[in-house]
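Quick note on numbering: the sequence shown equals residues 776 to 1028 in the numbering used here. Glycine is no exception: its CB is placed at the ideal position from the N, C-alpha and C atoms. From a predicted model like this one, the values you see are computed outputs, not experimental measurements.
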Amino acid sequence: MTSSAAGSPDQARPAPIAVVTGASSGIGEATAKTLAAQGFHVVVAARRGDRLQALAAEIGGTAVVVDVTDPDRVDALAAAVAALPGPVRVLVNNAGGARGLAPVAEADIEHWRWMWETNVLGTLRVTRALLSALIDSGDGLIVTVTSVAAFELYQGGAGYTSAKHAESALHGTLRRELLGKPVRFTEIAPGAVETEFSLVRFDGDRQRADAVYAEMTPLTAGDIAEVIGFVASRPAHVCLDRVVIRPRDQSPR
Ligand code: 8X3
């Protein structure tokens, strides 16, 4: 694993900045640690301030409390990033998740609204807010953590799969619209990763969440973070468009 994403050490230059949303736990937290170890100044963004502060202190980064569904907080994130001295090189759109597993006929509209607000509109808001800074850095990278649900369907999953399909479409469309600009795009599409994902989906029901990962060895947040670190440490002309990562024990649907 190359660990020189931030370039060769140069004490005179401020560290390049990486912004990670949904950074208070799971894939976001692990990614923040990986990018910090590669020399980025990492801005960790999430709703849970206490966990963010502890993470920022641990990795020497900056914590910004942000709910990606709140436009004012996203503006505050952009302002906090703009106040830092380094170039804005990396954005990891990781905030999002699933709520419920109800069939379409019994869909909970509020669950759907939350999934579309966080995964789709949240990614849109944060990406738009940081886009010029990423381009202006001369070598920007936008990583969007979608899911295998971005291209697969399963019973009970329509709220989540439709949101992840849309998030993937948003990311892929922007990649096409910005062709020729100095910004790369990578979609990371994980399968089963044991994080708080299923606990959130099942509203804190630990037994139901644990059952998702029973009789298999799921991926860990660190497995995904390692790949994002690899993506972020490629040279400026190399773009990994989409990386699909599943546990050996999970087959495509
Ligand atoms: C979740 C992927 O395979 O656990 O994003 O449903 S899976």
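Legend entry - Pro965: CB within 8 Å of a non-hydrogen atom of ligand 1: Position 190 of the sequence shown holds residue 965. Yes, the beta carbon of Pro965 sits closer than 8 Å to at least one heavy atom of ligand 1.
Inset, instruction - Indicate the three-state DSSP secondary structure (helix, strand or coil) for Leu928 in the structure shown. - result: Sequence index remark: in the sequence shown, residue 928 carries index 153 (1-based). In this structure, Leu928 counts as coil in the three-state DSSP scheme.
Legend entry - Contact test: Phe972 Cβ vs ligand 1 heavy atom, cutoff 8 Å: One-based indexing of the sequence shown puts residue 972 at position 197. It does: the Cβ of Phe972 is within 8 Å (strictly closer) of some heavy atom of ligand 1.
Inset, instruction - Compare the Cα-Cα distances from Ser922 to each of Gly932, Arg848, Gly861, Ala793 and report the closest residue. - result: Stepping through the sequence shown from its first residue, residue 922 is reached at position 147. Checked all of Gly932, Arg848, Gly861, Ala793; the closest Cα to Ser922 is Gly932.
Inset, instruction - To the nearest angstrom, report how far apart Pro965 and Ala838 are at their CA atoms. - result: Along the sequence shown, one-based indexing puts residue 965 at 190. Along the sequence shown, one-based indexing puts residue 838 at 63. Using only the alpha carbons, I get a separation of about 26 Å.
Inset, instruction - Could you tell me whether any Cβ in chain C is nearer than 9 Å to the Cβ of Arg874? - result: The displayed structure is made up of one protein chain only, and chain C is not part of it.
Legend entry - For Thr919, three-class secondary structure by DSSP: If you number the sequence shown from 1, residue 919 lands on position 144. Strand at Thr919.
Inset, instruction - Identify every residue that forms a DSSP beta bridge with Ile1020. - result: The residue labelled residue 1020 in the question sits at position 245 within the sequence shown. In DSSP, Ile1020 forms a bridge with Pro965.
Inset, instruction - Compute every distance between the C-beta of Ser922 and the non-hydrogen atoms of ligand 1, then say whether any falls below 8 Å. - result: Working through the sequence shown from its first residue, we reach residue 922 at position 147. At least one heavy atom of ligand 1 is nearer than 8 Å to the Cβ of Ser922, so yes.
Inset, instruction - Please name the residue in Leu905, Glu990, Val987, Thr898 whose C-alpha comes closest to that of Asn869. - result: Counted from its first residue, the sequence shown places residue 869 at position 94. That would be Thr898, whose Cα lies nearest to the Cα of Asn869.
Legend entry - Boundaries of the beta strand (DSSP E) in which Leu866 is found, first to last residue: Here residue 866 refers to the residue found at position 91 of the sequence shown. That run of the beta strand (DSSP E) goes 863–868.
Legend entry - Residue interval of the beta strand (DSSP E) (run including Val1013): Residue numbering aside, residue 1013 sits at position 238 when the sequence shown is read from its first letter. Taken as a continuous stretch (DSSP letters only), Val1013 belongs to no beta strand (DSSP E), as it is neither H nor E.
Inset, instruction - Provide the residue(s) that pair with Arg950 in DSSP beta bridges, ordered along the chain. - result: Position 175 of the sequence shown, counted from the first residue, corresponds to residue 950. None; Arg950 has no bridge partner.
Inset, instruction - Going by CA-CA distance only, name the one from Ala989, Ala805, Arg950, Glu942 that's closest to Glu892. - result: On the sequence shown, residue 892 is found 117 positions in, with the first residue counted as 1. It is Glu942 whose Cα lies nearest to the Cα of Glu892.
Legend entry - Start and end residues, alpha helix (DSSP H) containing Val901: Position 126 of the sequence shown holds residue 901. Val901 -> alpha helix (DSSP H) spans 898–911.
Legend entry - Ala812 to Val865 span [Cα, whole Å]: Position 37 of the sequence shown holds residue 812. Position 90 of the sequence shown holds residue 865. So the alpha carbons of these two residues sit roughly 14 Å apart.
Legend entry - Beta-carbon proximity of Arg959 to Ile917, cut-off 9 Å: Along the sequence shown, read from residue 1 onward, the residue named residue 959 stands at position 184. Along the sequence shown, read from residue 1 onward, the residue named residue 917 stands at position 142. It is a contact, given that the beta carbons lie within the stated cut-off.
Legend entry - Any non-hydrogen atom of ligand 1 closer than 8 Å to Ala873 Cβ: Taking the sequence shown and counting its residues from 1, the one referred to as residue 873 is at position 98. Yes, ligand 1 has a heavy atom inside 8 Å of this Cβ.
Inset, instruction - Look at the alpha carbon of Trp887 and the alpha carbon of Arg822, and state the distance between them as a whole number of angstroms. - result: In the sequence shown, counting from the first residue as 1, residue 887 sits at position 112. In the sequence shown, counting from the first residue as 1, residue 822 sits at position 47. About 20 Å.
Legend entry - Closer than 8 Å: Arg1021 CB and nearest ligand 1 heavy atom: In the sequence shown, the residue the question calls residue 1021 occupies position 246. Yes, the beta carbon of Arg1021 sits closer than 8 Å to at least one heavy atom of ligand 1.
Inset, instruction - Can you give me the Cβ contacts of Ala807 inside the same chain, cut-off strictly under 7 Å, excluding the 5 residues immediately before and after it? - result: For the purposes of this step, residue 807 is identified with residue 32 of the sequence shown, where counting begins at 1. Counting only Cβ-Cβ distances below 7 Å, and skipping sequence neighbours, we find Val795, Ala798, Val817, Val819, Leu830, Ile834, Gly836.
Legend entry - Pairwise C-alpha distance: Tyr929 and Arg976: Working through the sequence shown from its first residue, we reach residue 976 at position 201. Working through the sequence shown from its first residue, we reach residue 929 at position 154. Approximately 15 Å, taken between the alpha carbons.
Legend entry - Rounded C-alpha distance that separates Ala1011 from Val879: As a working note, residue 1011 is residue 236 in the sequence shown. As a working note, residue 879 is residue 104 in the sequence shown. One C-alpha to the other measures close to 43 Å.
Legend entry - Every unbroken beta strand (DSSP E) inside the stretch 813–883 [3 residues or more]: 816–821, 837–840, 863–868
Inset, instruction - Check Ala790 in the structure and name its three-state DSSP category. - result: Residue 790 sits at position 15 when you count from the first residue of the sequence shown. Looking at Ala790 - three-state DSSP - the assignment turns out to be coil, as it is neither helix nor strand.
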